[in-house]
Structure formats: C-alpha cells, structure tokens
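Written out below as structure tokens is the structure these notes cover.
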Amino acid sequence: MVSRETSAQTTTVPSGGTPGTRDGDWPRPPKTRIFTVANQKGGVGKTTTSVNLAAALSMHGQRVLVVDLDPQGNASTALSIEHRGDVPDMYKVLVEDVPLVEVVKEVPDMPGLYCAPATIDLAGAEIELVSMVARESRLQRALAAYDAIELDYILIDCPPSLGLLTVNALMAANELLIPIQCEYYALEGLGQLLRNVDLVKAHLNPTLDLSTILLTMYDGRTRLASQVAEEVRSHFSDQVLNTLIPRSVRVSEAPSYGQSVMTYDPGSSGAMAYMDAAREIAYRGAAV
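Residue numbers 1 to 288, in full-length UniProt numbering, belong to the letters of the sequence shown in order.
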C-alpha cells in the first residue's frame, strides 16, 4: 500500500449539518487499520456495523474501504454499489486473481469511502478456494498489492460462517471487531469463533488482535439487554466499546434506499450511536 509519508492529505469533511461535521477531522491512524467484522451467528449486525462505521469514519476525513465478502452483497447494496450481473467483484479477486484496483468503486456522494462489492458468484468461492495454493492468504495478498488510494481503514464484512472466506478475512486483518447483539443467545457460538481466531493466530496470522467488541440491538427497556451487556463487559472488559447501538427502525430502513443510516437519517439514535462508536475506534487507534 502507499506509504503514509508520501501520500496527500485527507479530503475535507463534507458540510451539510450532519453529525459528521460536529468535531472536524478525527486523527488518522499511524498505519492502515484492517478490521475483520466477524461473527458466525447471523443477524447480529455485521453488515450494518461495517457500513455505518465506514460511513462515519469517512465523514471525519478518513479514507475507508469496505470489502464485501458476503455473497449476499448486503454491504454493497447499502453503499449503492452495483453488484449484480457481470460486475467485477471479490470473487474475481480471490479466485481469478483480478487486481483489487479493478474492483473497488467510490461510494456515491461519500468522498473518501470506497467499496469492493460481492456478487452471488462469491458463494462458489468457498469450494473453489479449497484446491488453490495459499488459499487462506489470497485476500491478504490482494490488499497488500492495492496502492491506488492511501487508506486509513479497511473493514472486511464477513459472511455468517467460519469457512474459507472468513479465514481469508482473519488472515488479512490486524484487528478483529465482533458485533454482539444484546439478546438471549448473544454468547452462543462465540466460543467457537474465538477458538478459530486462536487457531488463525497460532498458524496463520500471529498479529491478529481481538481489539473491539460492539454491543448491538440494545433495548434499554428490557432487563435482559442490560444483563447481556454486563456479561459481555465482564468477559472482555477493555475490548468492549462504551457505546451501545440501540435497536433502530431507521438503521434497518437505510439499506433499502442504498444508504447508510449516517446519510439516511443523521439525527436518529442509530446514526448518532454509530458516530460515537466510530469516534471511539478512531481515538483508540490514534493512541496506539
């Protein structure tokens, strides 16, 4: 990737009275932070988290790439990036060795925000990768060769499984972000994910750090949500962001308009919560 010393400065924050203009540009990390957003449990907010954190960071002067590794392509949809038909996508990068620069598209009306889309073809990648040499590191090599834009953050949105796509994401990242919903089954299956992470660290990527846990779908009206939040904090302490993401209709509606909630309804509780979570991540990274 382009070195930080030789690059141009970040773009200015777009104006318009959104939460993204409240406190100017956030500090840029000393080097590109690559997050894998993973949890093999479906419906916990992986894609929602990836898209909205990326949007919030870009609104504060960061250059952010969202890599959509889920064959459903929901992150691509939410960022209004075409991912149907014969569009160059992450399948072509992983299986056909197409350079990432030919796949990445800038998100409309969001300066500094980019997306590498996924099409349904990616569903076959799990099987096709099995017979390939260095199958676990194909995403890592693609990211390492990408030098078109100097990036501050890369967020990799994973499918709800622990297959080769997720292993590629864990291999490529230096940080792991796990969204955990504040519901009864929150910690179920988390042990298996953490065991897989330990295996990846031991055999493939010793630099991978479980740096961030984000509590999502929090409903302050229920005792259960508070209990789950307390239990997660007792297990993971400093890795858990202070910000809780509430249940929000606006967050759910935004993708159907090809937007993140940050632009769809910047004043909503969900948008403000994701803005606060992104701010936490940015300032934690600046202190590294």
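Every residue, glycine too, gets a C-beta built ideally from N, C-alpha and C.
Assigned with DSSP and collapsed to three states, S234 falls in helix. For the pair Q40 and S161, the CB atoms are nearer than the 7 Å cut-off.
In this structure, DSSP gives E175 an extended state, which the three-state scheme calls strand. C-alpha of I120 to C-alpha of V87: approximately 11 Å in a straight line. Counting along the chain, the unbroken beta strand (DSSP E) around S211 starts and ends at D209 to Y218.
The alpha carbon of L215 has as its nearest neighbour, out of V37, P27, L113 and D70, the alpha carbon of V37.
Residue burial annotation: V251 is buried, with at least 16 other C-beta atoms found within 10 angstroms of its C-beta.
If you ignore the 5 residues before and after A125, its C-beta comes within less than 6 Å of the C-beta of Y91, L94 and V95, all in its own chain and listed in chain order.
In summary, S211 is buried, with 16 or more beta-carbon neighbours lying within 10 Å of its beta-carbon over all protein chains present. Counting along the chain, the unbroken beta strand (DSSP E) around T36 starts and ends at R33 to V37. Residue environment: V104 is assigned as buried (16 or more neighbouring CB atoms within 10 Å of its CB, all protein chains considered).
The criterion of a C-beta distance shorter than 7 Å is not satisfied by V66 and A55.
Residue state for K201 is assigned as helix, using DSSP reduced to three classes. Taking C-alpha positions only, L176 is separated from G85 by approximately 31 Å. Secondary structure at V251: helix, using DSSP grouped into helix, strand and coil. Runs of the beta strand (DSSP E) lying entirely within the region 92–139 and spanning at least 3 residues, in chain order: 113–116. Annotated as proximal: P255 and A78, with beta-carbon spacing under 7 Å.
Following the DSSP letters along the chain, one finds I154 inside the beta strand (DSSP E) bounded by residues Y153 to D157. The shortest CA-to-CA distance from Q181 to any of Q259, T243 and Y257 is the one to T243.
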